[in-house]
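Residue numbers for the sequence shown follow UniProt numbering, beginning at 11 and rising by one.
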Amino acid sequence: QTIYLKDYTPPSHLVDSVELVFKLHPTQTRVISKIAFRPNPDAADPTFYLHGEQLKLIRASIDGQDANAKVTDLGLTAQAPDAPFLWEAEVEISPATNTALEGLYMSNGMYCTQCEAEGFRKITYYPDRPDVMAVFTVKIEGEEPVKLSNGNDLGDGTWHDPHPKPAYLFALVAGDLVNLHDTFTTRSGRKVDLNIYVRDGDLHKTPFGMDALKRSMTWDEEVYGREYDLDLFNIVAVDDFNMGAMENKGLNIFNSAAVLASPDTATDGNFHRIETIIAHEYFHNWTGNRITCRDWFQLCLKEGLTVFRDQQFSGDTRGHAVERISDVLQLRARQFREDNGPLAHPVRPESFVEINNFYTATVYEKGAEVIGMLKTLIGDADYYEGCDLYFTRHDGQACTIEDWLKCFEDVTGRDLAQFKLWYSQAGTPRVKVDESFHDGTYTLTFIQSTPPTPGQDTKDPKVIPIAVGLLNEAGEEIHATKVCEVTDEVHKFRFTGLEAKPVPSINRNFSAPIILERDQSNAERAFLLAHDTDPFNKWEAGRALARDVMVRMVTEDATPDQAYLDALVAVARDDTLEPGFKAMCFSGPSNDDIQQALVDGGVTPDPTRIFLTGQTLNLAISQTMQDLLPRIYAEMQVDGPYSPRSEDADRRFWGNAALAMLSRLDGGAQAAAQYASADNMTQQLAALGCLLRAEVGEAQNAAFYAQWKDDRLVIDKWFSMQVSHAKLAAAPAKAAELTAHPDFTMANPNRFRAVFGALAGNSAGFHEPGGSGYALLADWLIKLDAKNPQIAARMSTAFETWPRYDADRQGMMREALTRIQAAPGLSPDLSEMVNRILAA
Ligand code: ARG
Ligand code: ZN
């Protein structure tokens, strides 16, 4: 059943208070609820309706009288008085058999919950919609030594959360847990107890998360003026979890992979991701919890804004240039791919079948880009003033994108109607750039268009902030960055008083999430790579150069371009550049990047050919760099005990890029040495990757398993590495082989993703021309769907690119999708995805 934004109506009833008693039992948990309702004066339809799924109703009453409820698979209705009343009910649920990991479930013997978006209705009957907010009191009865819920601890398993909240922010945890404790004092003097709860044996993996939490709390006070509002903030690590983490009020629940880290088990990349997610969930306390969403169409109101905030935090923490580059890499890899395929949808979607299918790169990452553009357009001062207004005006409310934008209209006096198109129009805008130079005046002409997307054939011009700087022939900046506000389909900007035609640096810092179409020579790209003062565009120039070189090699059988190789050597030799930046310049475009570039140029991509071409180019780069590599490698070794701080991490990043190049020349000798001496996971795993790529890592691969077999998170890496580094048809074969390994289980989303996420990410392997990748993934999605529809639906996006390919691959991909579609008992989650993917 499809739900539409335009059909929104206010709830029939509001809730004043909720009292819940949980009598925990693995298969027969009883949930007793007392809910004080009152009719909503703004209701469109007064019928009393409660959501409820997979609940066994024991009893229900209204003001003490049998409620005579009419129950369906999705909820119940009852005759309710036209005045405030007390609803009392008792239901039975079975957490131990809840394999969908939504609602109350069990993970490794511990009870936990995931309610966003619509999981609370699997716990008890309730108006499970974010615009119904209430104060919750919860009593947990059970043998478990640790029993947690939202808000303040009243002792004896009883919890009270004074902040009215929607049901999706409810959380409960019970189990045999240990905790790291710390405190934080807010700037107005509130002393907050902080805890990270884990299972026995994981305590040594919690200090980094705690440190990241305290830094996040300080940052939100300093940058957004937001303080924490309870005396307690708890985090719990859970092994079986569908997403990264969840911002439940005062009780954040994390996938253990998104919080647990120690130097010997977690990589620099893991530490970075953990810091980002801790910050993200903490920041939700204001952007999400204090101010929530009116309905799920407004999801980007909290997610886009919170991703933007966590990106700001990471930039402040780790350096803005490298952070921006990695954010844009992500955006292009996931969001551009989505926005240019059958699953394209607006940042604020207008309809859905299953809301869980809309926790997407578009809502999150493009949603964050939209906030960034707003900030660029109105400037920092007005941006923060608008945020302050939003926090005061809407505290305690469930809001819409209109409410958010109105705050900035009120602060700036600007009309944001055209800007709002970023929320309603799907698709990545293309901006074509023409330039001319006459009598000292340089004119840039921007021509914007957005291709059709499902359900949206035509698009209106958007307001696009394009930051531009100009350089002269000598490589000096002659015009500092200026933001061109493109509002028309064709829009010209003039720069006067110039002596000669400048070299433009366009869309600096990636000021807008667009695809620039510009005839640019490789000489100019190399020039910008050498001279641009904007670090993002400096990197971007190198990236464009690499893309062009690869595309020519793929389409014209060209040999590796010498000018490109020389430019890379110049980057490597440049002492003014940071190691992290150099490493970014050397991580060439992915197979998928090249595919997107080919599709944009009207060429059908062949993932196999792209892979083989990449090997050739990488070998040429390694050979060109040969003389420099030993010194870079030696210089980038970090002495002393491991620290995840970015100065060290960036050196390892560049050092391991050098190791990867060396490994293409020395048969893996240096990598084997690094593997043998590594004292942290970053160095160990990087070395293992080089060895697997060189197909000489069998011994180390076995040793790695033996060393880490008792650490689930490390074994996830072991599974995924083998699939990521397997070549062509060997990748699906390796994935199939690993599903027979005793440690493989589809009950754990991390483990399933370790194998099949790695397969989907290995383009040449997944798309091997025999179709074995498609068939294998389809088989397993069908199997998984019966247990965990959310993850099955999410992983089906591996097929979203089918329209790109040749007829053979298209045929096999469609066949796999059709086979999934026809599977008996398919979930609404997976069926919505497959239908949308096939509709292209
Ligand atoms: N609100 C969470 C976050 O981004 C994501 C939870 C989504 N869960 C889901 N099943 N859709 O921080
Ligand atoms: Zn979020």
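Backbone N, C-alpha and C fix where the C-beta goes; we use that ideal spot for every residue, glycine too.
For the alpha helix (DSSP H) containing Gln321, name the first residue and the last one. 309 to 328
How is Ala484 classed by DSSP in three states: helix, strand or coil? coil
Can you name the start and end residues of the beta strand (DSSP E) that Asn189 belongs to? 187 to 195
Measure how close the beta-carbons of Leu387 and Pro475 come, nearest whole angstrom, since I'm counting them as under 8 Å. 5 Å
Please tell me whether, using a cut-off of 8 Å, the distance from the CB of Glu257 to the nearest non-hydrogen atom of ligand 1 is below it. yes
Let me know the alpha helix (DSSP H) ranges lying completely inside the region 727 to 763, each 4 residues or longer, listed in chain order. 740 to 749
Considering just the uninterrupted stretch of the alpha helix (DSSP H) at residue 868, what are its terminal residues? Beyond the ends of the chain as shown, which are 11 and 850, falls residue 868; an answer cannot be given.
Using a Cβ-Cβ cutoff of less than 8 Å, which residues in the same chain neighbour Phe754 once the five nearest sequence positions on both sides are dropped? Phe729, Leu748, Arg761, Val765
DSSP-derived helix/strand/coil call for Ser71: strand
How about Thr134 and Thr147: do their beta carbons lie closer than 9 Å? no
What does the alpha-carbon distance come out to for the pair Tyr178 and Thr491? 43 Å
Give me whichever residues DSSP pairs with Thr107 in a beta bridge. BP columns for Thr107 are empty, so no partner.
Give the straight-line distance between the Cα atoms of Ala709 and Phe281, rounded to the nearest whole angstrom. 27 Å
When you compare only the Cα positions, how much space is there between Ser104 and Gly113? 10 Å
If we count the other Cβ atoms within 10 Å of its Cβ and call it buried at 16 or more, is Phe591 buried or exposed? buried
Roughly how many angstroms separate the alpha carbons of Ile801 and Asp186, rounded to a whole number? 27 Å
With a threshold of 16 other CB atoms inside 10 Å of the CB of Gln606, please say whether the residue is buried or exposed. buried
Closest by C-alpha distance to Pro140, when choosing among Asn258, Leu575, Glu842: Asn258
Near ligand 2, which residues have their beta-carbon closer than 6 Å to a heavy atom? His290, His294, Glu313, Thr316
Check Trp296 in the structure and name its three-state DSSP category. coil
Assigned exposure category for Asn78 - 16 Cβ within 10 Å defines buried: exposed
Residues of its chain near Lys511, where Cβ-Cβ distance is below 7 Å and the 5 sequence neighbours each way are ignored: Phe447, Tyr452
Among Ala573, Ala522, Arg518, which residue has its Cα nearest to the Cα of Ser531? Ala573
When you measure from the CB of Ile381 to every non-hydrogen atom of ligand 1, does any distance come out below 8 Å? no
When Ala222, Pro356, Glu487, Ala745 are compared against Gln308, the one with the closest alpha-carbon: Pro356
In the DSSP assignment, find the unbroken alpha helix (DSSP H) run with Thr422 in it and report its ends. 411 to 422
Sort Thr195, Glu360, Arg347 by Cα distance to Gln466 and report the nearest one. Glu360
Where do the ends of the alpha helix (DSSP H) carrying Pro49 lie? Pro49 -> not in any alpha helix (DSSP H); beta strand (DSSP E) instead, spanning 39 to 49.
What residue from Ile847, Ser653, Ala408 has the CA that sits closest to Ser272's CA? Ser653
Check whether Ile301 and Val246 have beta carbons under 9 Å apart: no
When you compare only the Cα positions, how much space is there between residue 857 and Gly85? This structure does not reach residue 857, given that the chain is present from 11 up to 850, and the question cannot be answered.
Residue environment, Ser773, which counts as buried when at least 16 other CB atoms sit within 10 Å: buried
Do we get a CB-CB distance below 9 Å when we pair Leu65 with the residues of chain B? No chain B is present in this structure, which holds just one protein chain.
Check each candidate in Ala427, Gly219, Asp239, Gly437 and name the one with the smallest Cα separation from Asp405. Asp239
Nearest-angstrom Cα distance between Asp17 and Lys727? 45 Å
Can you tell me whether DSSP reads Tyr369 as helix, strand or coil? coil
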